[in-house]
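Participant: For the sequence shown, my numbering assigns the number 1 to the initial residue and increments by one for each residue that follows.
C-beta atoms are modelled at their ideal positions from N, C-alpha and C, and glycine is treated no differently.
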Amino acid sequence: MLEDEDGKRQKVNAWEGLALSKESNKMVWSDTQTPFFGSNLIASGWNYLTAPSRLWVGDFIYQRQNSIIKNAREIVSKYDIGLIFLEPQNFLGENDEKVTFSAYGPTSNGAANTYLYNFKKQVIEHIRIGEGYQEWEGASPDYQRSFVEVQQDASRFIGPTNVELYLYDFNNEDLSRFSFFRGNEKNIHDLYLHEPVFSPDGKNVLVTIGGGDGWEINSPGYGLGILIINIDDLLLIYTKE
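1. Given that a residue counts as buried once 16 or more other Cβ atoms are within 10 Å of its Cβ, and exposed if not, what is residue 23?
2. Leaving out five residues on either side along the sequence, give the residues of the same chain with a beta carbon under 8 Å from the beta carbon of residue 102.
3. Just tell me which of 104, 207, 74 and 231 has its CA closest to the CA of residue 225.
4. Measuring only the C-alpha atoms, how far is residue 177 from residue 54?
5. What would DSSP say about residue 127, mapped onto helix, strand or coil?
6. Starting from residue 47, trace the alpha helix (DSSP H) both ways and give me its first and last residue.
7. So for residue 139, helix, strand or coil by DSSP?
8. Helix, strand or coil for residue 80, going by three-state DSSP, please let me know.
9. Whole angstroms are fine: how far does the CA of residue 50 sit from the CA of residue 78?
10. What number of angstroms, rounded off, separates the C-alpha of residue 5 from the C-alpha of residue 75?
11. Can you tell me whether DSSP reads residue 158 as helix, strand or coil?
12. Of the choices 141, 106, 28 and 123, whose alpha-carbon is the least far from that of residue 15?
13. Compute the Euclidean distance between the alpha carbons of residue 232 and residue 194, then round it to the nearest angstrom.
14. Considering only the beta carbon of each residue, do residue 105 and residue 163 sit closer than 9 Å?
15. What's the gap between the Cα of residue 10 and the Cα of residue 57?
16. Grab me the residues of residue 192's own chain with a C-beta within less than 6 Å of its C-beta, minus the 5 sequence neighbours each way, in chain order.
17. Grouping DSSP H, G and I as helix and E and B as strand, with all else coil, what is residue 276?
18. On the three-state DSSP scale, how would you describe residue 223?
19. Taking only three categories from DSSP, how would you classify residue 31?
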């Protein structure tokens, strides 16, 4: 429940996941009611033009009954960016300086682009990672890196079919490839890794195995299995090679 300054309460609808701070009780959510895209092109276009999609930040107050959100305020609107809908991902910084979020829609390259919201400056920062589809995933516990799902040849009107995982370094503004299922030939058995999250100590990564050819078979969030990867050992192997 969201409680306003007058003590009135109303239900909060949050689409997809929430961004939850590890440093405070702050949270960021999207009020998107449903993904805008669908088989009906007219309805999809109307959603992108008119349906609301905003990011909100608030303080989660735990109570044994009816926990509430206080001090809620809007921080990002779809109209700040384009014909898109919004999804938050992770807070960054020991003082909750920023939050990562992705913008999905036809005005984004490859149908998704990566952004930050800077709470101190109260500005949106577009992180230009490259061409095609780019979506934030899990950030490291030290806030220095974040996974990104990337498909460089994805179309803005079709979106991704097979993504690769990359690691983005916020200090160096550098992108390094993490998974290698796609090369010059067809994707290996149509497999790929997605939905990566770091362990609390930053030493391991949990990822989902995806497969199939397109969203009809393998819809967003769907998985064939999971892997736990020791990222320190993996990076050591890459260094030796």
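Facilitator: Inspection of the coordinates gives the following:
1. Start at 1 with the first residue of the sequence shown, and residue 23 comes out as number 23. By the neighbour-count definition (other C-beta atoms within 10 Å, threshold 16), residue 23 is an exposed residue.
2. On the sequence shown, residue 102 is found 102 positions in, with the first residue counted as 1. The answer, listed in chain order, is 86, 87, 89, 112, 113, 114, 115, 134, 135 and 136.
3. Here residue 225 refers to the residue found at position 225 when the sequence shown is read from its first residue. Comparing Cα-Cα distances from residue 225 to each of 104, 207, 74 and 231, the minimum goes to 207.
4. In the sequence shown, residue 177 corresponds to position 177, counting from 1. In the sequence shown, residue 54 corresponds to position 54, counting from 1. For residue 177 and residue 54, the distance between alpha carbons rounds to 31 Å.
5. Taking the first residue of the sequence shown as 1, we reach residue 127 at position 127. Look at residue 127 here: in three-state DSSP terms it is strand.
6. Taking the first residue of the sequence shown as position 1, residue 47 is located at position 47. In the DSSP assignment, residue 47 falls within the unbroken alpha helix (DSSP H) covering 41-50.
7. As a first step, residue 139 is located in the sequence shown; it is residue number 139 there, counting from the start. In this structure, residue 139 counts as strand in the three-state DSSP scheme.
8. Within the sequence shown, the letter at position 80 stands for residue 80. Looking at residue 80 - three-state DSSP - the assignment turns out to be helix.
9. Reading the sequence shown from its first residue, position 78 is the one you call residue 78. Reading the sequence shown from its first residue, position 50 is the one you call residue 50. Computed Cα separation, rounded: 10 Å.
10. Mapped onto the sequence shown, residue 5 falls at position 5. Mapped onto the sequence shown, residue 75 falls at position 75. Cα to Cα, the separation comes out at about 18 Å.
11. Indexing the sequence shown from 1 puts residue 158 at position 158. DSSP places residue 158 in coil when its eight states are reduced to three.
12. Taking the sequence shown and counting its residues from 1, one reaches residue 15 at position 15. Of the listed residues, the one whose Cα sits closest to residue 15 is 28.
13. On the sequence shown, position 232 is the one that residue 232 refers to. On the sequence shown, position 194 is the one that residue 194 refers to. Rounded to whole angstroms, residue 232 to residue 194 spans 19 Å at the Cα level.
14. The sequence position of residue 105 within the sequence shown is 105, counting from 1. The sequence position of residue 163 within the sequence shown is 163, counting from 1. Between residue 105 and residue 163, the C-beta gap is not smaller than 9 Å, which leaves the two residues out of contact.
15. Within the sequence shown, the letter at position 10 stands for residue 10. Within the sequence shown, the letter at position 57 stands for residue 57. Each residue's alpha carbon lies about 15 Å from the other.
16. Translated into the one-based positions of the sequence shown, residue 192 becomes position 192. Excluding positions up to five away in sequence, the list reads 162, 163, 181 and 210.
17. The requested residue 276 is not part of the displayed model; the chain covers only 1 to 241.
18. Against the sequence shown, residue 223 aligns to sequence position 223. When secondary structure is reduced to three states using DSSP, residue 223 falls in the coil class, being assigned neither helix nor strand.
19. The count along the sequence shown starts at 1 and reaches residue 31 at position 31. DSSP, read as helix, strand or coil, puts residue 31 in coil.
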